[in-house]
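Working notes, beginning with the structure itself.
This is how it looks when you write it as structure tokens:
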């Protein structure tokens with residue numbers, strides 16, 4: 047009689063989450079890496095490697111590369127996301143990662159998984175949105191793969207370029223630096239809330255009525271646009287280059303301010319104190335919070351998908367920037383102070399790293 | 047009474063197929079392209095762009111970039127594909143596209159879509175296979191994205207490098223050139239046939255027996271290995287560089303010899319005659335054809351996934367190569383002769399462009 051073999055171990059992927067799986071990928075692939083010319087691998091918004099002939103004069107140039115996928119049912123819902131907006135977003139979120147290295151996007155490749163219920167016209171709408179984003183951000187799609195797929199999937203890789211000395215990483219913040227963001231935060235999450243409410247109302251109609259109720263987007267056009275067609279802040283990258291300014295650390299806000307502030311704290315090498323009174327909140331974000339009985343602060347801290355830039359910079363450097371192009375939201379502090387939110391009464395509450403999670 | 051709005055046009059994606067959808071992507075994105083530094087965009091095995099500071103001395107250097115996704119239920123079936131092999135294959139097929147430009151792979155990014163029924167251990171097996179392929183081919187995975195997904199999906203992008211003058215394209219064949227391939231063809235398709243037969247036998251067991259019948263792979267280990275863990279022919283790229291040889295055109299055999307020969311004919315700019323008697327067929331391919339009552343020739347011409355290199359080269363150039371590193375399978379001819387198979391009796395039959403299709 048043969049013995050029953052040991053069962054294969056089965057640890058659900060949800061036990062380790064997206065970041066845990068990426069850490070494991072990094073660990074498994076680090077030894078195999080041919081690290082020649084590699085400046086930074088997995089772990090920042092994009093990887094960095096040197097290009098250009100050795101011994102050429104002029105500053106050393108690098109390319110950065112990043113990949114991000116949008117998966118139906120995980121990152122988006124086709125019932126309220128137009129396909130053109132989806133094509134735009136797939137490019138823009140990758141451009142945002144390139145901007146978060148202080149680099150400029152140049153080339154993209156796109157791997158599309160198309161389900162049977164997507165039409166050729168739908169695929170063309172995706173392409174149109176991609177083309178518009180490429181035109182806006184000055185990059186070219188140079189490679190494509192199309193396969194069948196159970197769910198609509200857009201995997202985009204973007205290559206960007208920079209001078210090596212201009213690249214800004216997540217690490218680099220120093221106690222005393224200002225903690226700053228471009229634009230406003232939380233509006234993309236507010237827009238998602240509005241879209242979901244609109245979907246609920248449509249679904250409630252249940253096909254019984256001849257005229258199903260339309261989603262009520264009145265007064266929330268800005269927030270909805272922020273969710274559907276986010277803007278990568280390349281304009282700020284260009285302004286910094288013109289002003290000769292280089293932040294000490296930089297990340298884009300894809301998972302909410304709390305999570306990104308923890309990334310900049312470099313596993314506790316520095317701390318960060320965020321002032322609750324300084325959070326840049328758009329009026330529609332505040333109104334959406336009111337309407338849906340949520341806190342605008344929660345949209346800002348844990349909402350995600352704003353694709354603004356969070357950066358640290360010495361005060362003297364910041365003074366070279368036009369004051370209407372960024373908001374100071376706090377300060378980099380000593381590591382023992384941790385990552386905290388300072389309330390209007392002066393009390394501090396520790397901020398959890400929790401942020402927006404698709405997995 | 048409101049009028050009924052026109053229905054949205056709905057053309058199923060299957061009407062235009064993978065190549066049609068890529069052509070449409072190319073058309074939609076061409077105008078938006080910032081083509082600075084771009085040597086070749088969508089349409090070859092990989093795109094080509096210049097890197098390196100302008101004005102540097104030495105030969106002009108380029109990077110090539112390619113992306114290819116493997117999707118569960120479309121490209122593979124987890125019932126008979128080990129996850130380690132799948133990780134290997136996802137890297138190897140992209141390395142093969144880089145080799146097909148006469149370039150060497152350097153960096154990769156990986157976007158994984160993981161379903162709930164994959165374990166952390168399964169993800170680690172994927173990573174192990176990727177790491178082994180990276181070590182074998184001398185490249186590093188520098189970027190990763192992991193998301194949830196209904197079906198296991200591996201989207202890989204590989205960046206390679208070459209001197210600009212060394213790059214070989216699909217175009218470039220001249221009448222009189224020899225048509226050559228590395229290795230043997232059809233064995234990957236034979237291996238797939240063996241695996242599918244094994245799956246059928248397992249399924250026939252239907253859980254009723256205590257010992258379900260094992261798939262019969264006896265005698266087909268080579269063919270099965272070719273299907274599960276294909277080799278990218280970087281060794282040939284290196285041998286050509288050492289011998290100072292540059293083919294006039296080049297492509298990798300992912301869709302079967304017939305389809306690839308049509309690609310090299312450049313939409314009829316040249317013709318190609320393939321000799322049926324010269325097709326390099328492994329004994330296991332012949333035996334599998336016999337076993338399953340198919341024609342070995344069909345595996346070679348329409349099977350696909352061999353990832354060997356198909357190239358054209360002037361006879362004088364070919365004579366610099368070691369004769370056991372390639373097989374001559376035919377000749378490039380005048381365009382009016384088309385793409386044809388020459389039978390042993392001297393008759394020619396036109397070859398359809400049909401090849402292996404996942405979509």
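Residue numbers (the working numbering), protein chains in the order written: chain D, 47 to 405; chain E, 47 to 405. Heads up, the beta-carbon is just placed ideally off N, CA and C, and yes, glycines get one too. Computed from a predicted structure; not experimentally measured.
- In the displayed model, residue 149 of chain E falls within coil according to three-state DSSP, outside both helix and strand.
- The alpha carbon of residue 352 of chain D has as its nearest neighbour, out of D/396, D/304, D/363, the alpha carbon of D/304.
- Per DSSP, residue 380 of chain D lies in no beta strand (DSSP E) segment and is marked neither H nor E.
- Per DSSP, residue 323 of chain D lies in no beta strand (DSSP E) segment and is marked neither H nor E.
- Judged by DSSP in its simplified three-state form, residue 58 of chain E adopts strand.
- Of all residues in the region 68 to 95 of chain E, those with a C-beta nearer than 9 Å to a C-beta of chain D are 68, 70, 71, 72, 73, 74, 75, 76, 77, 78, 79, 80, 81, 82, 83, 84, 86, 87, 88, 92, 93, 94, 95, reading in chain order.
- Between residue 142 of chain E and chain D, the shortest Cβ-Cβ separation is not below 8 Å.
- The DSSP assignment places complete alpha helix (DSSP H) segments of no fewer than 4 residues inside the region 262 to 345 of chain E at 267 to 274, 280 to 289, 303 to 310, 329 to 337, in order along the chain.
- At a cut-off of 8 Å between beta carbons, residue 139 of chain D makes no contact with chain E.
- Secondary structure of residue 358 of chain D (DSSP, three-state): strand.
- Residue 207 of chain D has D/109, D/150 as its beta-bridge partners, per DSSP.
- With its beta carbon less than 8 Å from one in chain D, residue 97 of chain E belongs to the interface.
- Residues of chain E whose Cβ lies closer than 7 Å to the Cβ of residue 159 of chain D are, in chain order, 115, 117, 199.
- DSSP places residue 127 of chain D outside both helix and strand once states are collapsed to three, so it counts as coil.
- Under DSSP, residue 396 of chain E forms a beta bridge with E/386.
- For residue 69 of chain E, the enclosing alpha helix (DSSP H) starts and ends at 63 to 76.
- For residue 95 of chain D, the enclosing beta strand (DSSP E) covers residues 93 to 97.
- Out of D/57, D/170, D/205, the CA that lies nearest to the CA of residue 149 of chain D is found in D/205.
- Boundaries of the alpha helix (DSSP H) around residue 169 of chain E: 166 to 183.
- Beta-carbon to beta-carbon, residue 294 of chain D and residue 210 of chain D are separated by about 16 Å, too far to satisfy the 8 Å threshold.
- Nearest to residue 291 of chain E by C-alpha distance, out of E/96, E/367, E/374, is E/367.
- Taking 7 Å as the upper bound on Cβ-Cβ separation, chain E lies near residues 181, 184, 185, 186, 187, 188, 189, 190, 191, 192, 193, 194, 195, 196, 197, 199 of the region 181 to 200 of chain D.
- Along the region 119 to 138 of chain E, the positions whose C-beta sits under 8 Å from a C-beta of chain D are 119, 120, 121, read in chain order.
- Look at residue 116 of chain D here: in three-state DSSP terms it is strand.
- A straight-line Cα-Cα distance of about 10 Å links residue 85 of chain E and residue 109 of chain E.
- Taking C-beta separations shorter than 8 Å and ignoring five residues to either side along the sequence, the partners of residue 71 of chain E in its chain run 88, following chain order.
- For the 8 Å CB-CB criterion, residue 227 of chain D and residue 299 of chain D form a contact.
- Shown here, residue 132 of chain D sits in a helix according to DSSP, grouped into three states.
- The count of Cβ pairs closer than 8 Å, one atom from the region 114 to 127 of chain E and one from the region 223 to 240 of chain D, stays below three, leaving the stretches out of contact.
- Looking at the DSSP output, residue 201 of chain E shares a beta bridge with E/115, E/157.
- Looking only at D/376, D/350, D/347, D/349, the smallest Cα-Cα distance to residue 361 of chain D is reached by D/376.
- By the rule that beta-carbons nearer than 8 Å mark a contact, residue 165 of chain E touches chain D.
- Taking 8 Å as the threshold, the shortest C-beta distance from residue 61 of chain E to chain D falls below it.
- Measuring C-alpha to C-alpha distances from residue 285 of chain E to each of E/156, E/364, E/172 identifies E/364 as the nearest.
- In this structure, residue 310 of chain E places its C-beta atom within 8 Å of the C-beta atom of residue 216 of chain E.
- Within the same chain, 237, 240, 241, 263 come within 7 Å of residue 270 of chain E by CB-CB distance, once the 5 residues on both sides are set aside.
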